[in-house]
Amino acid sequence: MTPRLFSLLKDAALTAFVAAALGLFIVGFRTVDVGSTKGLAFDYELVDLAVAVVAIFVGRLGLSFASDGQRWPALVLGAVLGAVGAAPVRLPSTFLHWFVGLAGLLVIGRSLWPSAERAFGQARQSPQGRKLGVVGARWLAWVLLAAAVILPITPLADQKTMDLGVLILTYVMLGWGLNIVVGLAGLLDLGYVAFYAVGAYSYALLSTQWGLGFWAVLPLAGAFAATFGLVLGFPVLRLRGDYLAIVTLGFGEIIRLVLINWVDLTNGPAGIGGIPGPTLFGAVFAENAPPGQKTFAEMMGVPFDGTQRLIFLYYIILGLALITNLFALRLRRLPVGRAWEALREDEIACRALGINPTNTKLTAFAIGAMLAGFAGSFFAAKQRFVSPESFVFIESAIILAIVVLGGMGSQIGVVLAAVLLIGLPEWFRELGTYRMLAFGLAMVLIMIFRPRGLIAHRAPSLRLHEKPSGGGG
Amino acid sequence: MAYFSQQLINAITLGAVYGLIAIGYTMVYGIIGMINFAHGEIFMIGAFISLIGFIICGLLGIGSAPVAILLVLLMAMAFTAVYGWAVERVAYRPLRGSFRLAPLISAIGMSISLQNYVQLTQGARPKPGGQIVSGGYNLFSADGFDVRVTWLQIIIVVVTVVLMAGFTWVISRTPLGRQQRACEQDMKMAALLGVNVDRTISLTFVMGATLAAVAGMLFLMYYGVIDFFIGFLAGIKAFTAAVLGGIGSLPGAMLGGLLIGLIEVFWAGYFSSEYKDVAVFGILVLVLIFRPTGLLGKPEIEKV
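Order-wise, the sequence lines are chains G and F. The first sequence: position 443 = 443 (this note's numbering), numbered continuously. Quick note, this note's numbering runs 1000 ahead of the 1-based positions in the second sequence.
Here you go:
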């Protein structure tokens, strides 16, 4: 046995030992209720733990081989794990099958990664690859846009797809809004969902209490949310990055607690129901119109269909999201947008150049809040029901994860990330709680392996010595 | 008067628990300048390990409360420390030298995964911990109201004070503490002078996790019920305590914990218990606006 192999084995054994120590109590002893009076008892899951620890030992060994460049031993170990995971041998639980199998896939992937990366790099360097990259970068956004626009008139547009489309686009819009705050201005906002809640409750209250319509409330909701952004932002934006994160998190929680406890206004945890949906030139999307109004089906003279409403909602959110995108892109070219990016890079230098950091940050914060307000009032109109349940911290974390995964500041990255993080888990609903576990781990892994996100490249917002093109720009 | 004294006793107990968690935040922030967002989850895991430990003690027939508490305390400290170490090793160490927000985002991810990990393995329902120590001592009666301090409250305060004293000694008198303070001042220089920076940071996380485990056990004994979500709120409040006291300062964390306990209990006792958390967050915002360095903190000079 060579000393190298010995040290690898030792490393794997240590990892397995730590894993065993981590899992011993939390995994090994599962507390279960026995009756209402007699406290708790254990389900012993020590066998599961042992299997997992062995898998971790083998997996770690495989990963070490792979990073050592010894591909064959790594592949063999990965194949063994994968085979055990996929085989119908009786492991104690289905989860363990997945765990072992995925560990095998990980090892195989890791050992093939260097060659894959090399091949990919070569392909990208080749003339065709370069051309493809340029064309892809230019057209990807337009292709996606075209696909999004024609999706509802294709045969794919059933109830489920449209629901998912609306959901993804909502998150795309929120991601683009937060991107202004986090990606451009570099302010870590962990309470973004608070502004979303303000928008949603604005519409819910104004429509059910005062009978205002969606289109009248939409700008109002944005204005309310922006006002909240200003009021909250003014005192806290002088703080440094991570303090700001915690304070915004605190504000998010305050808003939620107020929504829960101010029962007279918000109806507390029970929420507000019976919110009217958006109308199209006064036509409602329902089978039977309320007195004095027409349904969309009557107006157009077509038979009523449940998906009409969804398709309508889909186009509304698509429009809102595109407006957000356009807005963000234009803002980046304005002086204030450049000031945001400069501020993100170096606050002291900005101050020396006469940029007022507080005001500049405040504009970013308020604009981000306004966009969240729009999205919120759309959310209320879509769900026809709002309750504080929808505005918990995890929503903020998801939106932030979309921005971060997409590559902060990249618009197209947000779209890809929203499809990945919202679309995929929706399709795999059965995964249940594993979904959030994987979600959290993904956030960690992305930060470790691709800290700049999926689309790491950002077009520079300003070039020196650009060749004159018409009236500048 | 009697009501006030009772509230004061309760507040000090709660403040001691917050203070223990806050130390973990403050030490980590002091040494690597990041908010260990997953620290609340470490506290929650400490509480769960303690719960399991108490049940095991029950199964083994250890009847004497002091022995059980001591055993569970050591067990929870040891095994939670592994979590603290592992979290640092997996989620933060690879990110040292990455861009500013990366460790914080990674910490949020870690916090979400730890929460769901415990939810998956232990179930989502609240777990009753049973009563390990009961009884107390009536201090005095006034206005027909007994002012009472329970044995448990005494245990909590004594454990906290002893640990605080111990840790202050470690930081100020031992070689490890000297290395920690050196890393806090200048990590690169400390490394040049032969301090093993990685090891020192790991040990800081381990120490923080140990104290969080104690806090978790005390929380379990005090409230009697835990679930996988307790780390979130307790974590934010403890962080508030750390900021209030002046982040990076050990006595500050303890003082901040006490103040947060006082604010929370008195707000709930005299105004409304629904808005006690709002009051705590409000305090956090006020402190950051008017005294961003906290009560006992040193002003931070931003270097170019």
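C-beta: ideal position from N, C-alpha, C; glycine also.
Euclidean distance between Cα positions of residue i and residue j
i	j	result
A225/G	A369/G	5 angstroms
L257/G	L239/G	24 angstroms
I1236/F	S390/G	20 angstroms
F65/G	L77/G	9 angstroms
L1233/F	P92/G	35 angstroms
S1029/F	L1104/F	Just to set this straight, residue 1029/F is Tyr in the shown sequence, not Ser. Whole-angstrom Cα-Cα distance: 11 angstroms.
R1148/F	L49/G	45 angstroms
G473/G	R330/G	Low per-residue confidence applies at G473/G: pLDDT is 38, beneath 50, and the placement is therefore not dependable enough to give any value.
P1128/F	I1230/F	13 angstroms
H97/G	A86/G	7 angstroms
V1304/F	I348/G	Caution is warranted here: a pLDDT of 49 is assigned to V1304/F, below 50, making its placement in the model unreliable, and the coordinate value is therefore given only provisionally. Distance between the alpha carbons of V1304/F and I348/G: 7 angstroms.
W1169/F	V1162/F	11 angstroms
I153/G	F120/G	36 angstroms
F214/G	L280/G	10 angstroms
T161/G	T1026/F	48 angstroms
R1100/F	G409/G	15 angstroms
F228/G	W1085/F	40 angstroms
A116/G	R110/G	10 angstroms
S1106/F	Q1153/F	36 angstroms
V247/G	V172/G	25 angstroms
R60/G	R118/G	24 angstroms
Y477/G	F1037/F	The shown model of chain G, from 1 to 473, leaves out residue 477/G, and the question about it has no answer.
G250/G	M1075/F	33 angstroms
D163/G	L174/G	17 angstroms
Y1275/F	G319/G	39 angstroms
G82/G	F1281/F	49 angstroms
V263/G	A197/G	16 angstroms
L362/G	A1238/F	28 angstroms
L265/G	L220/G	18 angstroms
F1228/F	V1118/F	6 angstroms
Residues that DSSP places opposite residue i in a beta bridge
i	result
V1017/F	None, per the DSSP bridge assignment.
P1128/F	V1225/F
F1145/F	A1142/F
L24/G	Answer by DSSP bridge pairing: none, since L24/G is not bridged.
G1136/F	T1150/F
V284/G	T295/G
I272/G	V386/G
R30/G	D43/G
Of the residues the options, the one placed nearest residue i, counting alpha carbons only
i	options	result
G199/G	G373/G, W210/G, M173/G	G373/G
A1165/F	S1106/F, L1250/F, L1114/F, T1210/F	L1250/F
G423/G	F378/G, T170/G, L106/G	T170/G
S1113/F	A438/G, L218/G, I448/G	A438/G
V181/G	P388/G, G109/G, R344/G, L132/G	R344/G
P1024/F	Q1006/F, L1008/F, S1064/F, T1080/F	Residue identity differs from the one stated: residue 1024/F is Gly in this sequence, not Pro. The option with the nearest alpha carbon to G1024/F is T1080/F.
A366/G	G177/G, V100/G, V143/G	G177/G
A1002/F	L1095/F, D1143/F, I1056/F, V1072/F	D1143/F
A342/G	F6/G, G183/G, L156/G, R435/G	G183/G
N267/G	V53/G, F379/G, V386/G	V386/G
V80/G	G69/G, F95/G, V100/G	V100/G
R1093/F	M1044/F, L1074/F, C1057/F, I1032/F	I1032/F
F57/G	F17/G, A83/G, P88/G, R71/G	F17/G
A223/G	L445/G, T15/G, L371/G	L371/G
Chain G residues whose Cβ lies nearer than 7 angstroms to that of residue i
i	result
M1110/F	G440, V444
E1274/F	N261
T1121/F	I26, V27, R30
F1048/F	I26
F1099/F	P451
K1127/F	T31, L40
Residue i: contacting residues in chain F (beta-carbon distance under 9 angstroms)
i	result
T170/G	Near T170/G there are no residues of chain F at all, since even the closest Cβ is about 21 angstroms away, more than 9 angstroms.
P264/G	According to the sequence shown, residue 264/G is Asp rather than Pro. The contacting residues do not exist; D264/G stays about 13 angstroms from chain F at best.
Y243/G	I1035, V1243, I1247, L1288, P1292
Proximal chain F residues relative to residue i, where beta-carbon distance stays under 7 angstroms
i	result
I254/G	V1278, F1281
I246/G	I1035, F1239
Closer than 8 angstroms at the beta carbon, the chain G residues around residue i
i	result
L1284/F	I246, V247, G250
L1074/F	The premise fails here: L1074/F is roughly 13 angstroms from chain G at the closest Cβ pair, so nothing lies under 8 angstroms.
contact_flag[the region 1214-1225 of chain F, the region 1041-1051 of chain F] where n(CB pairs < 8 angstroms) is 3 or more: yes
Counting pairs of beta carbons, one from the region 207-225 of chain G and one from the region 436-456 of chain G, are three or more of them closer than 8 angstroms? no
Just checking, does the region 1130-1142 of chain F make contact with the region 1056-1070 of chain F on the three C-beta pairs under 8 angstroms criterion? yes
Under 8 angstroms: do the region 181-196 of chain G and the region 395-408 of chain G share three or more Cβ pairs, one atom per stretch? yes
Meets three-Cβ-pair contact criterion under 8 angstroms: the region 1263-1274 of chain F and the region 1009-1020 of chain F: yes
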